[in-house]
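Residue 42 in numbering that gives the first Met the number 0 sits at position 43 of the sequence shown; the count goes up by one each step and never skips. All C-beta atoms, glycine included, are put in the ideal place defined by N, C-alpha and C. One structure is given below, encoded as structure tokens.
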Amino acid sequence: MNKEEFSEYMDKNSNVRNIFAERALSYQQEKNQARQPAKRWRDGRVEREAEKMYDNVLNNIYEQIKRTVQNSTERNNWIQFIDENDLFDDLEQSMNEMSFE
């Protein structure tokens, strides 16, 4: 499974992206409000920064699974690993408990 397939599969089968995006956007907005008014970013930039944060998390998750799954190109092996380890449930829980500093 390549990274794009993994991302699509995770989006269809979990709320990880939504949970993380909500928290990351809130964090970026708070961070932006703390800047001096003249140095504040526009909303679009704040959203892009939150999306970059998600992309980094997604890449880290993907690379960790890729190292673990035998025959890492086989989609069924990935799905089996994800299901057997309740990966998406654990990720959702982690995202709900996560805080940024």
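Start-end ranges of the alpha helix (DSSP H) lying completely within the region 53-83, minimum 4 residues: Listed in chain order, they are 74-83.
Beta carbon of glutamine 28, beta carbon of valine 56: below 8 Å? Their beta carbons are not under 8 Å apart, which means glutamine 28 does not touch valine 56 by this criterion.
What's the call for methionine 0, buried or exposed, on a 16-neighbour Cβ count within 10 Å? With 16 or more other Cβ atoms within 10 Å, it is buried.
State the CB to CB distance for the pair asparagine 76 and asparagine 70, rounded to an integer number of angstroms; the pair is presumed to be in contact (CB under 8 Å). Confirmed, Cβ separation roughly 5 Å.
Where does glutamine 35 sit, in a helix, a strand or coil, going by DSSP? Three-state result, glutamine 35: coil.
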